[in-house]
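Read the structure below first, then the notes.
Numbering (my numbering), first residue to last: 2 to 156.
Written out as C-alpha cells, the structure is:
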C-alpha cells in the first residue's frame, strides 16, 4: 500500500513539474531486517547502484514498519508531534537525502518547504525515513555513498 502511495506521490510531483535533484539517486526501502541486539538493517535500493543497508535502532525500526503498514499507535509518537508542528507551520516535507557516512554513521538532510522558504535540516536517516514514509515523500542517495573507500592503513 505504501509503495503505491509513494508511486502516486512521485507521479504527482512529476505532473507538477518537480524533478528530482539532478545529482541524486532516487531510492526506495526494499527490506527491513532485524539483527537482534545489533539493530535493524533498512536496505535502500536505487537504480544502477548496489543495495545500501543502514543499521537503525529497534524503536525507530518499529516506527518505520508502522509507517510502511500505515498503522496507528495508541499514543502519539514523536513523529506525530513533528507532523502536527509541520502542519501548524504550513510546512511540507519534500524529500530526504542520505548524503554521507562518517565514522560508520550515516548522515542525512530532510528538505522542508515552508512559506519562509526551504529548510534543510540535519537528521538521522532513521527519523527521516519514518517521516518521508509516513508523508509519501521520496528518498534520495548521494552518489558518493557508493564510491570506493581507501581502506589501506595510514602510515
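For each residue, glycine too, the CB sits at the ideal point set by N, CA and C.
Beta strand (DSSP E) segment containing residue i, residue limits
i           : result
residue 179 : The displayed coordinates of the chain run from 2 to 156. Any statement about residue 179 would go beyond what the structure contains.
residue 28  : 26 to 35
residue 54  : 53 to 57
Beta-carbon proximity check, residue i vs residue j, cutoff 8 Å
i           : j           : result
residue 31  : residue 65  : no
residue 33  : residue 41  : yes
residue 142 : residue 45  : yes
residue 133 : residue 78  : no
residue 26  : residue 126 : no
residue 86  : residue 113 : no
Residue range of the alpha helix (DSSP H) that includes residue i
i           : result
residue 131 : 126 to 136
Residue i to residue j span [Cα, whole Å]
i           : j           : result
residue 117 : residue 93  : 12 Å
residue 63  : residue 37  : 13 Å
residue 136 : residue 144 : 24 Å
residue 58  : residue 105 : 15 Å
residue 107 : residue 129 : 12 Å
residue 139 : residue 24  : 15 Å
residue 115 : residue 148 : 34 Å
residue 76  : residue 83  : 14 Å
residue 73  : residue 60  : 15 Å
residue 99  : residue 122 : 12 Å
residue 71  : residue 88  : 19 Å
residue 150 : residue 39  : 23 Å
Contacts around residue i, its chain only, beta-carbon distance under 6 Å, and the 5 residues preceding and following it disregarded
i           : result
residue 124 : 109, 111
residue 53  : 45
residue 1   : For the chain, the structure presents residues 2 to 156; residue 1 sits outside this window and is missing.
residue 35  : 41
residue 120 : 113
Contacts around residue i, its chain only, beta-carbon distance under 8 Å, and the 5 residues preceding and following it disregarded
i           : result
residue 102 : 108, 146
Close Cβ partners of residue i (< 7 Å) along its chain, the five nearest in sequence each way excluded
i          : result
residue 28 : 45, 46, 47, 140, 141, 142
residue 90 : 115
Contained alpha helix (DSSP H) runs [length at least 4] in the segment 63 to 147, N- to C-terminal order: 79 to 89, 126 to 136, all fully within the segment 63 to 147.
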